[in-house]
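Residue numbers (full-length UniProt numbering): 1 to 404. Working notes, beginning with the structure itself.
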């Protein structure tokens, strides 16, 4: 019997600040108020109620199909921790008697770090239905999209966060029957592109309280059954009464979202690791979240890496046989975890400090392009530290986990 996954992606209702900019500007100037976290306006609350009732009915029909077939299933309500989103999620959670699972993976585009990443006391007091025992698919401070010292997440990092949520979520629910309702923001329509393979600019607009509905059978492809531009269920049969909160999509605006999406996918789905040899004692001094600077970094202006495991032993024997008793390790670096702003360039062989260069006299190396990291090695980007075995004369003999 194949498993069925049903996913609803819901945008929040109409925002207070868009219709009341002067009032919100005054309120948000207070120290305890987060300016990027306005509540719903009056119409937004009405939208949320109508949307909750609609979802309750539609989800109940899906659940009844499972029950009639005797198939076990789970139903969940996941939400961004922005209050306008929690306010939108609350009616459905109440109608359906569900807790609200706080999921950082679907927070707002351009999210400010160190805000709303996890339920705080003030949120729990206002929304006691938030599930404190929920384990998120995408912890906000994950190294996979950490943006160096910046306080606000850039666009590419946001899209990588969505891609990461897609991977972890899709893999988790594949082995069971699920009905999940995700409450988020307009930019989360990128999740539909990630799930289905539809081009980002072809997903279309996401209306206030619009609903995407997707289905997957047996771990196959996700299919869209309802598009997020549709929010008639929340308008009482009328037009867009939501004031300035309008439908939005990636085909709008001046940013090159297509290029940002390409770059985000390139970073998030790059699976071929890069390698770097380092003395064990030097690596062990790097603190959690810290960086390692090779001895030749200041002279060369970059960090020498290799993408070819067969190069590692020849490089070690060419440059690092002395001192003989020193222990070495090999760092396996995940390209997708390198912070935005640091760049890996594939370039011709270059001198390693005072030495001739990466290629040296190794056969076939004269035409090889080598990966150069224009930055230091981040500890958070290293996914494995491999043991290096050496002979008594200093010869690099073997690297555990790497053949050749």
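Glycine residues also receive a C-beta, built at the ideal position from the N, C-alpha and C atoms.
| Asked | Found |
| --- | --- |
| DSSP three-state assignment for residue 101, whether helix, strand or coil | strand |
| Cβ-based neighbour list, residue 158, same chain, cut-off 6 angstroms, excluding 5 preceding and 5 following | 109 |
| Whole-angstrom distance between residue 73 and residue 311, CA atom to CA atom | 50 angstroms |
| Sequence-distant residues of the same chain with beta carbon closer than 8 angstroms to residue 76, five excluded per side | 98, 101, 178, 179, 180 and 181 |
| When 22, 69 and 105 are compared against residue 78, the one with the closest alpha-carbon | 105 |
| Between the CA atoms of residue 184 and residue 173 - distance to the nearest angstrom | 19 angstroms |
| Residue 168 and residue 137 closer than 7 angstroms at C-beta | yes |
| Reference residue 305, options 49, 228 and 332, closest by Cα | 332 |
| Alpha-carbon to alpha-carbon, residue 324 and residue 357 | Below a pLDDT of 50, predicted positions are generally treated as unreliable, and residue 357, at 46, falls in that range; the measurement from the model is reported next regardless. Using only the alpha carbons, I get a separation of about 22 angstroms. |
| Segment contact, 8 angstroms Cβ cut-off, at least three pairs: the segment 123-130 with the segment 184-204 | no |
| Chain D within 7 angstroms of residue 294, Cβ atoms only | Checking the listed chains, one finds no chain D in this structure; it contains a single protein chain. |
| Exposed unless 16 or more other CB atoms sit within 10 angstroms - verdict on residue 199 | exposed |
| DSSP state of residue 213 mapped onto helix, strand, coil | strand |
| Nearest-angstrom beta carbon gap, residue 206 and residue 261 [assumed within contact, 8 angstroms] | 16 angstroms between Cβ atoms; not a contact. |
| Neighbour-count burial assignment, residue 371, 16 or more Cβ in a 10 Å radius | buried |
| Top-ranked residue by Cα proximity to residue 60, from 95, 287 and 345 | 95 |
| Under the three-state DSSP convention, the category residue 254 falls into | coil |
| Per-residue DSSP class, three states only, for residue 397 | strand |
| Environment of residue 12 [buried if 16+ CB atoms lie within 10 Å] | buried |
| Touching by the beta-carbon criterion (3+ pairs, under 8 angstroms), the segment 25-43 and the segment 52-69 | no |
| Other residues of its chain near residue 400: CB distance less than 6 angstroms, five sequence neighbours each side excluded | 386 and 387 |
| Own chain residues within Cβ distance below 6 angstroms of residue 316, not counting five before or after | 277 and 396 |
| Which residues DSSP lists as bridging residue 161, in chain order | Answer is none; residue 161 lacks a bridge partner. |
| Continuous alpha helix (DSSP H) stretch holding residue 15: start and end | Residue 15 -> no alpha helix (DSSP H), and no H or E assigned at all. |
| Secondary structure of residue 22, DSSP reduced to three states | helix |
| Given 8 angstroms, three or more beta-carbon pairs between the segment 337-348 and the segment 372-382 | yes |
| Those residues which DSSP pairs with residue 6 across a bridge | 179 and 215 |
| Where residue 124 falls: helix, strand or coil (DSSP) | helix |
| Residue 280 vs residue 327 beta-carbon contact at 7 angstroms | yes |
| Separation of residue 320 from residue 282, as counted between CA atoms | 14 angstroms |
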